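**Q** In the numbering used here, the protein residues as written are 86 to 355. Just so you know, even glycine gets a beta-carbon here, dropped at the ideal spot from N, CA and C. Values in this document were obtained by computation on a predicted structure and should not be read as measured data. Sharing a structure with you now.
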Ligand SMILES: [Zn+2]
């Protein structure tokens with residue numbers, strides 16, 4: 086069947102070819118894509134090209150984006166959506182702004198006594214409701230490995246969360262998922278982390294304590310772990326892992342374990 090959408094899509098792909106050299110170079114720099122099938126990689130590459138066509142990447146002074154940097158960023162942005170239908174999951178924004186370094190961002194909080202506190206917090210990323218995604222360049226460069234850190238996936242998880250309103254840790258779930266199952270898995274893990282930090286603010290938490298900041302950060306941080314340290318997340322919070330696997334329709338842990346069984350370099354955790 087002829088469709089204008091498919092025609093446009095094919096035209097964009099034809100006009101923005103990815104050379105085999107560039108493709109290999111970028112793949113080599115993204116261990117979190119290791120073990121994906123040929124089919125999955127092809128789909129990911131196409132969606133990354135379409136993403137770069139659709140969104141504006143704006144580097145601020147001090148950042149120069151090479152073609153490999155743009156493709157690297159887009160592939161990580163698209164990894165969470167790889168097994169979801171193309172439904173415009175990132176429709177809530179048009180621009181990604183890249184800051185040369187971490188930045189100060191004004192914060193406001195009204196405490197229980199009604200006193201308003203204002204301070205500047207250092208951030209490496211931000212996602213505004215109805216606004217752009219902001220990423221700090223060092224964090225983008227550090228993303229891409231199995232190291233329990235991925236700034237791109239973290240900030241874009243906030244955008245998924247915001248598809249149904251404020252960021253609150255509840256993205257729009259698929260029809261066959263249950264909100265109460267999601268909520269109880271997330272809440273009990275969140276409470277566990279919270280109790281640990283209440284008892285000792287300097288506790289060695291099994292995942293980044295920033296996840297205990299609020300439910301939105303919990304979803305963003307656990308999404309980050311889901312794709313970049315699925316073994317850690319699955320071990321600590323198996324029910325959170327299971328919910329994220331249903332939401333993203335992927336099983337990065339199985340992929341990582343396959344890699345670990347097949348390749349000596351994967352046997353030792355980083
Ligand atoms: Zn965040």
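(1) From residue 339 to residue 96, what does the alpha carbon distance come to, in whole angstroms?
(2) Report buried or exposed for residue 157, applying the criterion of at least 16 other Cβ atoms within 10 angstroms of its Cβ.
(3) In terms of alpha-carbon separation, which member of 190, 159 and 271 lies closest to residue 132?
(4) Are residue 209 and residue 236 close, meaning C-beta to C-beta below 8 Å?
(5) For residue 244, count neighbouring C-beta atoms within 10 Å of its own C-beta (all shown protein chains included) and say buried if the count is 16 or more, exposed if not.
(6) Mind checking who residue 142 pairs with in its DSSP beta bridge?
(7) Within 8 Å, do at least three Cβ pairs link the region 121-141 to the region 271-279?
(8) Between the Cα of residue 180 and those of 240, 300 and 259, spot the shortest distance and give me the residue it belongs to.
(9) Considering only their Cβ atoms, is the gap separating residue 165 from residue 312 smaller than 8 Å?
(10) Mind checking whether residue 217 and residue 205 have CB atoms under 8 Å apart?
(11) Looking only at its own chain, which residues have a Cβ that is under 6 Å from the Cβ of residue 345, when we skip the five neighbours before and after it?
(12) At the level of alpha carbons, what is the spacing between residue 234 and residue 200?
(13) Would the beta-carbon of residue 149 be found less than 7 Å away from any heavy atom of ligand 1?
(14) Whose C-beta lies closer than 8 Å to the C-beta of residue 169 among residues of the same chain, with five residues either side of it excluded?
(15) With a threshold of 16 other CB atoms inside 10 Å of the CB of residue 242, please say whether the residue is buried or exposed.
(16) Tell me whether residue 309 counts as near ligand 1, meaning its Cβ is closer than 7 Å to at least one heavy atom of that ligand.
(17) Is it the case that the CB of residue 207 approaches a heavy atom of ligand 1 more closely than 7 Å?
(18) Could you tell me which residues DSSP pairs with residue 283 in its beta bridges?
(19) Residues near ligand 1, CB to any non-hydrogen atom under 6 Å, in chain order?
(20) Can you round the beta-carbon distance between residue 114 and residue 229 to whole angstroms, since I take them to be within the 8 Å contact cut?
(21) Within its chain, find whatever has a CB closer than 8 Å to the CB of residue 101; leave out the 5 residues flanking it on each side and keep chain order.
(22) Go through its chain and collect everything with a Cβ distance to residue 249's Cβ below 6 Å, but skip five positions before and after it.
(23) Considering only residues of the region 104-153, which uninterrupted beta strand (DSSP E) runs meet the minimum length of 3 residues and lie entirely inside it, listed in chain order?
**A** Looking at the atomic coordinates:
(1) Each residue's Cα considered, the two are about 35 Å apart.
(2) buried
(3) 159
(4) yes
(5) Classification of residue 244: buried, given that the 10 Å Cβ count is 16 or more.
(6) 181
(7) no
(8) 240
(9) Less than 8 Å divides the Cβ of residue 312 from the Cβ of residue 165.
(10) no
(11) 351 and 352
(12) 34 Å
(13) Checking every heavy atom of ligand 1 against the Cβ of residue 149, none is found closer than 7 Å.
(14) 333 and 334
(15) buried
(16) No - ligand 1 has no heavy atom lying nearer than 7 Å to the Cβ of residue 309.
(17) Distances between the C-beta of residue 207 and the heavy atoms of ligand 1 are all 7 Å or more.
(18) Residue 283 pairs with nothing; no bridge assigned.
(19) 239, 243, 302 and 305
(20) 6 Å
(21) 134, 137 and 138
(22) 257
(23) 141-144
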